[in-house]
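Colleague: Please find one structure pasted underneath; my questions will follow.
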Amino acid sequence: MNIEDIALKIELLERQNLSKSAEITNYTQSALTSKVKKIESEIGQEIFKRTPQGLKLTEVGSHYLQFLKQVAQNYEEFLQMIGPAQTSLHFGTSHTTIKIYGASIMNELQTSHSPIDVDFTVESSTSLNHKVHNAELDCALTSNPTKQYADLNYDLIASETFEVISSPSHVIDFEQRTPVTLLVLSKGCMYTHALAQWLTMKQVPFTMKEIKSVSSILDFLEIEHTIAVLNTKLLALYHCPDLHFYDMDDLNKVIETVFIYHENDSKHSSIMQLKQVIESLLETE
1 MNIEDIALKI ELLERQNLSK SAEITNYTQS ALTSKVKKIE SEIGQEIFKR TPQGLKLTEV
61 GSHYLQFLKQ VAQNYEEFLQ MIGPAQTSLH FGTSHTTIKI YGASIMNELQ TSHSPIDVDF
121 TVESSTSLNH KVHNAELDCA LTSNPTKQYA DLNYDLIASE TFEVISSPSH VIDFEQRTPV
181 TLLVLSKGCM YTHALAQWLT MKQVPFTMKE IKSVSSILDF LEIEHTIAVL NTKLLALYHC
241 PDLHFYDMDD LNKVIETVFI YHENDSKHSS IMQLKQVIES LLETE
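Counted the way the UniProt record's numbering counts, the sequence shown spans residues 1 to 285.
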């Protein structure tokens, strides 16, 4: 039994729109058309009526859909009966997220003897969002991306804050519009995006430098006309020297952290289990 093939058939029958199914799956519309023809050839009857408004399920198609759902449910019950197996998840996080939560997530999975084996991918929120959409990753935990795909769920996990900082000996007066160097962990980070927009709105010229080390960023702040943007929780993990924190009333320093996964995986036990582990960790903070 190919459970992935059954899941694809259920998707086609439920959505009744091959172009939308093609957007969600990794198949082309022509491949899905061939799939429908193969199904109809196998059962000997049409599962769709072709109407001016699009595809509509025939009575046979409706019965076939219920049959496939029952098979999928029986298979899920069978897996639960025989107990959990080791499941590998490709999980994406941003540079900030892995530093704050990575060790805690791995420790919780190990101490709870979880059957989930997590492989981490660390990239920008924009890249992670794209990779979950393309099924290159199973799920991701990162700041809420600007672009959201219709086939993905973006479940709010936490609200994070960020800080704009510099050395107290080199405090920037943004009203002077003096060119500044902006140090960031990732150019694709939403914190970076928010501050870059603010600087542009204030007509402050800036050059962005991506530096993958928080310690190095803190060291480089000793350079004149240099500022940085960092997650508040991440900054708290370091024994920082005296820093100047900028109070910007018109800059929203709150960024949502979301757990991203495919809508079709909403009942995927390992993905939901990982999400529950992350949520339980945040509740104890």
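Every residue, glycine too, gets a C-beta built ideally from N, C-alpha and C.
Name the two residues that bound the continuous alpha helix (DSSP H) containing residue 220.
Modeller: Segment 214 to 220, the alpha helix (DSSP H) holding residue 220.
Colleague: So, under 8 Å CB-CB, residue 19 and residue 12 are touching, yes? Tell me the CB distance rounded to an integer number of Å.
Modeller: At roughly 12 Å, the Cβ-Cβ gap does not stay under 8 Å, so residue 19 and residue 12 are not in contact.
Colleague: Using beta-carbon positions only, say whether residue 140 and residue 91 come within less than 8 Å of one another.
Modeller: A contact, by the Cβ cut-off of 8 Å.
Colleague: Helix, strand or coil: which one does DSSP assign to residue 166?
Modeller: In this structure, residue 166 counts as strand in the three-state DSSP scheme.
Colleague: With contact counted as at least three CB pairs below 8 Å, one residue from each stretch, are the segment 106 to 113 and the segment 254 to 265 in contact?
Modeller: Too few Cβ pairs lie closer than 8 Å, so no.
Colleague: According to the neighbour-count rule (16 or more other Cβ atoms, all chains shown, within 10 Å of its Cβ), is residue 74 buried or exposed?
Modeller: The residue is exposed, with fewer than 16 neighbouring Cβ atoms inside 10 Å.
Colleague: Kindly indicate which three-state DSSP category residue 173 falls into: helix, strand or coil?
Modeller: Coil at residue 173, not helix or strand.
Colleague: What does the alpha-carbon distance come out to for the pair residue 210 and residue 220?
Modeller: Approximately 12 Å between the Cα atoms of the pair.
Colleague: Unbroken beta strand (DSSP E) runs of length 3 or more, entirely within the segment 26 to 87: which are they?
Modeller: Complete beta strand (DSSP E) runs here, min 3: 48 to 51 and 54 to 57.
Colleague: Pick helix, strand or coil for residue 114, following the three-state DSSP scheme.
Modeller: In this structure, residue 114 counts as coil in the three-state DSSP scheme.
Colleague: In terms of residues, what are the limits of the beta strand (DSSP E) holding residue 129?
Modeller: Element bounds for residue 129: not the beta strand (DSSP E) but the alpha helix (DSSP H), 125 to 133.
Colleague: For residue 286, which residues from the same chain have a beta carbon less than 6 Å from its beta carbon, with the 5 sequence-adjacent residues on both sides left out?
Modeller: Residue 286 is absent from the model: the chain starts at 1 and stops at 285.
Colleague: If you drop the 5 nearest sequence neighbours on each side, which residues of the same chain put their C-beta closer than 7 Å to that of residue 126?
Modeller: Correct list, in chain order: 145 and 188.
Colleague: Taking 8 Å as the cut-off, decide whether the C-beta atoms of residue 124 and residue 186 are in contact.
Modeller: In this structure, residue 186 lies closer than 8 Å to residue 124 by Cβ.
Colleague: Sort out for me which residues DSSP pairs residue 208 with in a bridge.
Modeller: DSSP output for residue 208 lists 182 as bridge partner(s).
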